[in-house]
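Structure first, then comments.
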Amino acid sequence: MNIFRLFGDLAHLASIFILLHKVQTSRSCRGISFKTQALYVAVFMTRYLDLFLGTWVSFYNTLMKLFFIGSSCYILYLIRFQFRTTYDPNLDTFRVEYLLVPSFILGLIFNYEFTLTEVMWSFSIFLEAVAIFPQLFILQRTGEAEAITTHYIAALGIYRGLYIPNWIYRYYSEGSVDPIAVVAGIVQTGLYADFFYVYFTKVLQGQRFELPA
Amino acid sequence: EKPVTPHDEL
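For the record, the sequence lines run as chains V and Z. Numbering of the first sequence is given in this note's numbering, commencing with residue 1 and proceeding in unit increments. Numbering of the second sequence is given in this note's numbering, commencing with residue 1 and proceeding in unit increments.
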């Protein structure tokens, strides 16, 4: 564990709390992509299969994994049931098969071992890299977003961004490299570039999140 | 060398 990974994980936790806070206080999931949230459930379920295979990394690791699975399922429940009337499926129209199918094929090609758990792990890494697309698509279509929704997306971007110095640190301190995670992580962080540009130049200056026409 | 297995990152 190093400071970059710890703060990355904390940013990931923060993103979930920000999202829950937005939904609970506004009693609305307007502007939130159910599809992105469903993809995160798929990501956590396929990546954390090792939970059920008795592989033990640490208490921290297991606790976080259980939290990510539990909270992502709870968010789906909130959108689907508790606040379903505030969810607009007509805005959330990104085709998830364009993300699922290529991620699965990449998982079959690039993995550390051709076993169920390793292929699923690779699949989850590739899927996570692109899972934000339906959410960014809503942003693109509406052209604007509530500040709190943008804080949520920013926290997610910071989480993946911080994993990059973590990998550099681990390369020098442990000599370990995880090429699949590194390549997917760099792509994932890159996808936030446009978003971050608007976020830093507008939202953090107190202006509304509005995409240039 | 084979990368980290078990995967210790989240």
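Where a beta carbon is used, it is the ideal one built from N, C-alpha and C, also for glycine. Note that this is a predicted model, so its numbers are computed, not measured.
Going by C-alpha positions, residue 119/V is about 9 Å away from residue 47/V. Against chain Z, a Cβ distance below 8 Å from residue 120/V picks out nothing, because the smallest value is about 11 Å. Residue 145/V is bridged by DSSP to 209/V.
The DSSP-derived three-state label of residue 157/V is helix. Going by beta carbons, residue 164/V and residue 31/V fall outside the 8 Å limit. Chain-ordered, the chain Z residues with CB closer than 9 Å to the CB of residue 5/V read 9, 10. Chain-ordered, the chain Z residues with CB closer than 7 Å to the CB of residue 64/V read 10.
With its beta carbon at least 8 Å from every one in chain Z, residue 111/V lies outside the interface. Interface residue (Cβ-Cβ distance to chain Z less than 8 Å): residue 213/V is not classified as such. Below the 9 Å Cβ cutoff, chain Z contributes no neighbours of residue 130/V, its closest Cβ being approximately 18 Å away. Sixteen is the threshold: when 16 or more other Cβ atoms of the shown chains lie within 10 Å of the Cβ of residue 61/V, as they do, the residue is buried.
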